[in-house]
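Start counting the sequence shown at 435; every next residue gets the next number (this note's numbering). Quick reminder that beta carbons are idealized off the backbone N, C-alpha and C, glycines included. Comments concern the structure below.
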Amino acid sequence: MAAKFLLPALALVGSAIAQCDGPSITITTSEDASQISSCQTYDGDVIIASEASGQISLDGVGRISGDLTCKNASQLTAISASQLTQIGGVFDLEELQILSSLQMGSLVGVNQINWIALPALQSLNFAQGVSTANTVRISNTGLTDLRGIELQLVKAMDINNNNYLRTINVNALTNVTDSLSFSANGMNLEIEFPNLENAANLTFRNVSSISMPSLSEVPGSMGFYSNQFESFAAPNLTEVGNTIAFVDSPNLSNLTFPSLTTIGGGLLLANNSELSAVAFDKVEMINGDINFYGSFDTVSFDSLTDVKGASSIYTSSTNTTICDLFESAKSNQVIKGKLTCETSSDNTAGNGSTTGSSSGSSRSSSAAVANLNYDPTAPLTGFAALVAAVLFI
């Protein structure tokens with residue numbers, strides 16, 4: 435008799451176990467999702483079908499080892515998963531036109547976030563906050579902030595074309611190992627990374643303010659394009675491995691890099707009409723080109739000893755001592771590549787391009803900007819005495 439009842443019970447247990455063992459499940463209704471609601475871990479991919487509508491509840495599932503995906507579900511309004519803590523693959527949501535609610539109060543870890551075209555999604559209900567993710571891409575959503583994204587470390591983050599995004603404060607983020615990029619979001623976007631110390635590459639476009647007071651090293655490039663902020667400061671930044679660029683920022687009037695000593699690539703300042711003074715007084719070495727285009731009246735490099743690339747300087751200012759400074763630096767072999775310098779210039783917008791390679795000096799020339807001209811055997815000579823003599827005040 436015991437065996438008579440035991441065998442069906444074992445069959446039910448086996449069936450329950452099998453439901454937690456993928457490779458995948460496709461869900462159209464919350465009833466479909468109930469098949470995995472008892473799974474501490476669902477070992478596979480969870481796919482919410484494009485036919486899904488209303489709310490889909492994945493409550494009960496503790497972990498998804500693979501992807502959680504939903505694409506082109508035009509009638510889906512909400513996704514909830516109250517016990518879900520981790521997604522081992524991609525959290526991929528695309529073209530969900532009326533999705534307005536994501537409720538995942540326990541979610542803390544995701545391999546990749548890829549959210550594209552979620553125009554009705556204005557906020558995240560992530561009570562615990564996602565603290566670990568490899569890559570994050572959020573594009574064309576209705577989000578007004580990123581509360582719920584509480585990363586400490588990320589490989590790459592790309593936030594773009596979110597027209598309602600107004601504030602970003604990822605307080606815990608300390609390290610970006612590949613890239614951090616923001617572009618074409620809300621016009622008044624304010625970005626704060628108070629504890630970010632190391633970021634491999636940084637790109638900011640169309641931003642109204644940026645705060646990164648703890649940033650100390652950028653192994654790659656820093657690029658700032660078409661922003662609205664008036665000032666930028668990196669008080670603890672000591673080294674940038676590649677290029678620094680500030681381009682087309684009409685309100686920019688103050689740049690502060692009090693600790694920066696090394697620029698591994700070039701230094702580009704172009705079409706920042708309110709920037710009247712350029713000062714990088716602790717910078718000792720620039721491995722690439724110096725390209726300045728604008729209306730600046732003063733330039734100061736108190737510590738510079740080596741520029742391996744070319745220097746192209748164009749300013750509408752009538753202060754000819756600016757060119758005196760760079761010509762003396764060229765004659766003292768601080769600048770290894772070609773020098774072109776114009777004051778009272780009409781060529782102050784710059785094109786950001788690089789062509790050719792040569793040496794020599796020209797006080798006034800329309801020559802194109804030169805490419806990098808590396809010369810590791812060239813002697814280092816001082817620049818500080820020259821700057822002390824030409825104060826540009």
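Problem set entry | The beta strand (DSSP E) enclosing L585, as first and last residue numbers | I583 to N594
Exercise. Less than 7 angstroms separating the beta-carbons of N609 and L587?
Worked result: yes
Problem set entry | Inter-residue Cα distance where the pair is C454 and F638 | 43 angstroms
For this session: Return the CA-CA distance between N670 and S487, expressed in angstroms with no decimal places.
Result: 50 angstroms
For this session: Might you give, ordered along the chain, the residues of its own chain that have their beta carbon closer than 7 angstroms to the beta carbon of G794, omitting 5 neighbours on each side?
Result: Residue confidence is low: G794 scores 32 on pLDDT, short of 50, so the model does not pin down where it sits. Its coordinate-derived value is still stated next. Excluding positions up to five away in sequence, the list reads K772.
For this session: Quick one: residues in its chain with C-beta nearer than 6 angstroms to the C-beta of I498, no 5 flanking neighbours on either side, listed in chain order?
Result: Y476, V480 and I521
For this session: Thinking T690 and E718 are a contact (beta carbons under 8 angstroms), I'd like their distance in whole angstroms, please.
Result: Actually they are not in contact, since the Cβ atoms of T690 and E718 sit about 18 angstroms apart, beyond 8 angstroms.
Exercise. If we call anything under 7 angstroms between Cβ atoms a contact, is T643 one with F663?
Worked result: At residue 643 the sequence reads Ser, which differs from the Thr that was named. Yes, the Cβ-Cβ distance between S643 and F663 is below 7 angstroms.
Exercise. So is D780 buried or exposed if we call it buried at 16+ other beta carbons inside 10 Å?
Worked result: exposed
Exercise. Roughly how many angstroms separate the alpha carbons of I605 and Q537, rounded to a whole number?
Worked result: Per the sequence presented here, residue 605 reads as Asn, with Ile not at that position. Spanning the two alpha carbons is a distance of roughly 22 angstroms.
Exercise. Is the beta carbon of T732 less than 7 angstroms from the beta carbon of T777?
Worked result: no
Problem set entry | Nearest to T569 (by Cα), restricted to the options N506, F525, Y598 and A551 | F525
For this session: Under 8 angstroms by Cβ, that's how I've got G620 and N596 pegged, so tell me the actual separation to the nearest angstrom.
Result: 7 angstroms
For this session: Can you check the stretch 450-494 for any beta strand (DSSP E) of at least 3 residues that lies completely inside it and give the ranges in chain order?
Result: 455-461, 475-482 and 487-491
Exercise. For I532, which of helix, strand or coil comes out of DSSP?
Worked result: coil
For this session: Identify every run of the beta strand (DSSP E) within the stretch 586-663, keeping only runs that are complete inside it and at least 3 residues long; order them along the chain.
Result: 601-603, 609-617, 624-626, 636-639, 643-645 and 656-659
Exercise. Using DSSP with H/G/I as helix, E/B as strand and the rest coil, what is A763?
Worked result: helix
Problem set entry | T566 - DSSP class collapsed to helix/strand/coil | strand
Exercise. To the nearest whole angstrom, what separates the beta carbons of S613 and N629, a pair I think is in contact under 8 angstroms?
Worked result: Going by Cβ atoms, the distance from S613 to N629 rounds to 18 angstroms, so no, they are not a contact pair.
For this session: Express the C-alpha separation of L623 and L599 in angstroms, rounding to a whole number.
Result: 6 angstroms
Exercise. Are there 16 or more other CB atoms within 10 angstroms of the CB of S472, so buried, or fewer, so exposed?
Worked result: exposed
For this session: Kindly list the residues whose CB is nearer than 6 angstroms to the CB of L702, restricted to its own chain and excluding five residues on each side of it in sequence; keep chain order.
Result: A679 and N725
Problem set entry | Closest by C-alpha distance to G722, when choosing among A711, G699, N705 and L738 | G699
For this session: Verify the CB distance criterion: does S508 have a CB-CB separation below 7 angstroms to chain E?
Result: No chain E is present in this structure, which holds just one protein chain.
Exercise. Taking the Cβ atom as the reference point for each residue, do L686 and N706 lie within a distance shorter than 7 angstroms?
Worked result: yes
Problem set entry | Reference Q531; option with closest CA among L607, I769 and L510 | L510
Problem set entry | Residue from L759, A507 and N640 with nearest C-alpha to T462 | A507
For this session: Please classify D731: does DSSP put it in a helix, a strand, or coil?
Result: coil
For this session: Return the CA-CA distance between K505 and N548, expressed in angstroms with no decimal places.
Result: 11 angstroms
Exercise. Are the beta-carbon atoms of L558 and G543 separated by less than 7 angstroms?
Worked result: no
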